[in-house]
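Step one of this worksheet: look at the structure below.
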Ligand SMILES: *Cc1c(COP(=O)(O)O)cnc(C)c1O
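Structure below.
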């Protein structure tokens, strides 16, 4: 495996030789002044585009007022954000952290606390094959990535993995030791795999029948990404716990764990963190959510989603694209051969940033503010790349 030619950064991944210096809306600029069309949206993070004025303004105002009050006190934006999230969701309580993995760690701990208090010490959590829940040791253990199976052994015990969209497999794994089921409603890193409506309804029912906690990891799907504020709304169910991150801060690191009142069961000291409720992060999230609501961003998500899918259908016949899938602006499709990495690389050389989460699949997750003109630009470069790829194959 070729290692990046950088002497001082710890090697963790392959990166192209590009240094990003500036962002605006759906575009990024590198150190040479080259302009890129960003259809990974800072990894499903910059939901309002790069450096939206509303967010810059909110962070600046808060920075001038109070950057850090310490986790030992309430602060104003912390209280306001909790109120707002509870107001727009089915949950009753919020806990804040900085990253998605941290929010999921909190969810895992809360589910285990529930098992300890209510279920005789039950601690097992059922998750799904191909799921992604983060890179801490516990969230890697929870994740169903084949490639991670033998990494960093011994793993945190107590995680069982069932194939996605397979309710029978889940049912088989439930025992007296089970305290929770944890799923993504759309597996993002797993390749944009959408949970079936009936599957999620059955999961809710299974959890009710067996007194289990249903955790939905909406770190990628939350905050309008799927066309609803939260993806669970589409399934007409109420989870017991939801985790949010990525889009929540629009680029500022912040995450949230939301829970039903019956899970307000941590004892003092069970959970916390130096940066829980950090005022800058809270102000960023408040601004993001308020802007999504005020600017009717969800309408744009729906419109652009339909347009992209329609246009991808047109390309599908010509270039053997299959399985166009996803919701809102979390979309994926398959190529006929495992050349997705190469296609993404070729797009990048034409200044379009897209993602290949799996060897044969492409994922699009542009800012929720993306416009038709930018979609057309993306489609133009994508088609050019697919055409070139096809000619190379012949
Ligand atoms: C990105 C992601 C995470 C991890 O979030 P980090 O902020 O990278 O820790 C967890 N779950 C899902 C579904 C994600 O997409």
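In this note's numbering, the protein residues as written are 2 to 395.
Don't be surprised by glycine CBs; every beta carbon is placed ideally from N, CA and C.
Buried or exposed by the 16-neighbour rule on C-beta atoms within 10 Å, applied to residue i
i, result
"residue 229", "buried"
"residue 2", "Residue placement at residue 2 is flagged as unreliable, the pLDDT there being 45, under the threshold of 50; the coordinate-derived value follows with that caveat. By the 10 Å Cβ count, residue 2 comes out exposed."
"residue 12", "exposed"
"residue 320", "buried"
"residue 214", "buried"
"residue 160", "buried"
"residue 118", "exposed"
"residue 75", "exposed"
"residue 236", "buried"
"residue 32", "exposed"
"residue 388", "exposed"
Helix, strand or coil at residue i [DSSP, three-state]
i, result
"residue 97", "strand"
"residue 326", "strand"
"residue 180", "strand"
"residue 171", "helix"
"residue 381", "helix"
"residue 236", "helix"
"residue 111", "helix"
"residue 70", "coil"
"residue 365", "strand"
"residue 21", "strand"
"residue 353", "strand"
"residue 118", "helix"
"residue 269", "coil"
"residue 251", "strand"
"residue 105", "helix"
"residue 7", "coil"
"residue 13", "coil"
"residue 194", "strand"
"residue 186", "coil"
"residue 391", "helix"
"residue 38", "strand"
"residue 277", "coil"
"residue 264", "helix"
Residue i, enclosing beta strand (DSSP E) - first and last residue
i, result
"residue 78", "Here residue 78 belongs to no beta strand (DSSP E); instead the alpha helix (DSSP H) covers 77 to 89."
"residue 126", "125 to 129"
"residue 244", "242 to 245"
"residue 356", "356 to 359"
"residue 29", "28 to 31"
"residue 163", "160 to 163"
"residue 333", "331 to 335"
"residue 218", "214 to 218"
"residue 256", "256 to 260"
First and last residue of the uninterrupted alpha helix (DSSP H) at residue i
i, result
"residue 344", "341 to 350"
"residue 211", "198 to 211"
"residue 149", "Per DSSP, residue 149 belongs to no alpha helix (DSSP H) and is neither H nor E."
"residue 301", "298 to 320"
"residue 291", "280 to 295"
"residue 139", "138 to 143"
Contact test: residue i Cβ vs ligand 3 heavy atom, cutoff 7 Å
i, result
"residue 221", "With respect to ligand 3, the structure offers nothing, as its ligand set consists of ligand 1."
Query raised in the report: For the 8 Å Cβ check, are there 3 or more pairs between the segment 217 to 225 and the segment 14 to 25?
Result: Verdict: no, contact absent.
Report task. Tell me, please, whether the segment 92 to 106 touches the segment 297 to 313 by the rule of three or more beta-carbon pairs shorter than 8 Å. Result -> Pairwise C-beta distances place the segment 92 to 106 out of contact with the segment 297 to 313, as fewer than three of them are shorter than 8 Å.
Report task. Examine the Cβ distances between the segment 287 to 301 and the segment 79 to 87 and report whether three or more of them are shorter than 8 Å. Result -> When Cβ pairs closer than 8 Å are counted between the two stretches, the segment 287 to 301 is seen to touch the segment 79 to 87, the count reaching three or more.
Report task. Take every Cβ of the segment 160 to 179, pair it with every Cβ of the segment 117 to 130, and state whether three or more of those distances are shorter than 8 Å. Result -> Yes, since at least three Cβ pairs between the segment 160 to 179 and the segment 117 to 130 fall closer than 8 Å, the two stretches touch.
**Report entry** the segment 230 to 242 / the segment 256 to 270 touching (three or more Cβ pairs under 8 Å)
**Finding:** With contact defined as three or more Cβ pairs closer than 8 Å, the segment 230 to 242 and the segment 256 to 270 are in contact.
Requested in this report: Say whether the segment 326 to 336 touches the segment 362 to 379, bearing in mind that this needs 3 or more beta-carbon pairs closer than 8 Å, one atom from each stretch.
Outcome: The segment 326 to 336 is in contact with the segment 362 to 379.
Report task. Ignoring anything shorter than 4 residues or poking outside the segment 40 to 65, list the alpha helix (DSSP H) runs there in chain order. Result -> Entirely contained in the segment 40 to 65, the alpha helix (DSSP H) runs reaching 4 residues are, in chain order, 42 to 45.
**Report entry** Any 3 or more C-beta pairs closer than 8 Å across the segment 127 to 146 and the segment 182 to 197
**Finding:** The segment 127 to 146 makes contact with the segment 182 to 197: 3 or more CB pairs, one atom from each, lie closer than 8 Å.
Query raised in the report: Given 8 Å as the limit, is there contact between the segment 51 to 69 and the segment 247 to 254, that is, 3 or more CB pairs closer than that?
Result: Because the criterion of three Cβ pairs below 8 Å is met, the segment 51 to 69 and the segment 247 to 254 touch.
**Report entry** Touch test, the segment 199 to 208 against the segment 89 to 96, Cβ-Cβ under 8 Å, three pairs minimum
**Finding:** Contact between the segment 199 to 208 and the segment 89 to 96 is absent, because fewer than three Cβ pairs lie under 8 Å.
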